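Heads up: the sequence shown at position 133 corresponds to 133 in the UniProt record's numbering, and the numbers run straight through without jumps.
Each residue gets a CB set at the ideal place from its N, CA and C atoms; glycine is no exception.
All of these numbers come straight from a predicted model, not from anything done at the bench.
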Amino acid sequence: MPVPENYAASERLRDGRSVEIRMLRADDQDDMLAAVGRTSSQSLQRRFFGPKRSFSKKEVDFFMNIDFANHVALIALADEDEHEVIIGGGRYVVMDPGMAEIAFVTIDDYQGQGVGTLLMHHLLILARTAGLEQLVAEVLPENTAMRRVFAKFGFQVRRGRDPQVICLALPL
């Protein structure tokens, strides 16, 4: 059974490059913020549903202080110029007993290479191991790439709180 705080796996992108999928660690903060800096405004808009170029201390604390039970975060790392950089991340946060919200972001240079699919696959392993019963996601209608990833894993549209956002759910 995988242990979230020690979780790591080697994978390949569609173009054959190697990536490591592993848990986000506290010492990844500077690299995570650098990855945000390499992500376009449009991609950040799709992830955060509004303009976003920086994060408050409270937001950084939320993203970095994961407990491996109710808040699980994975990152994808690739080798660039002989050092590893974060190219994407995904997480789920338990909102109600048995149900967690899941979200992803991939830096633009790696979009379309399967990063979101790899992160989804590994987060599903952890969610099932944790005994979660359902994952939910909110996606902007124009984010067709992420909607395709969610559809590939069987997420179905469900009624949501915000009519401007597509709400998806996957029973586990």
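In this structure, the CA atom of Val115 is about 10 angstroms from the CA atom of Ile75. Bounds of any alpha helix (DSSP H) do not take in Glu82, whose DSSP letter is neither H nor E. The alpha helix (DSSP H) runs of length 4 or more contained entirely in the UniProt domain "N-acetyltransferase" (19-172) are, from start to end of the chain, 29-37, 41-48, 57-64, 115-129 and 144-152. The beta carbon of Ala145 sits closer than 8 angstroms to the beta carbons of Gln111, Gly112 and Gly116 from its chain, once the five residues preceding and following it are set aside; these are given in chain order. Out of Tyr7, Val105, Val19 and Glu20, the CA that lies nearest to the CA of Gly37 is found in Val105. In the DSSP assignment, Glu11 falls within the beta strand (DSSP E) that extends over Ala8 to Arg12. Distance check between His83 and each of Val19, Arg148 and Val149 places Val19 closest, using alpha-carbon atoms only. Each residue's CA atom was taken as its position, placing Leu119 and Asp81 some 23 angstroms apart.
9 angstroms or more divides the Cβ of Asp108 from the Cβ of Arg17.
A Cβ-Cβ contact shorter than 9 angstroms links Leu132 with Val94.
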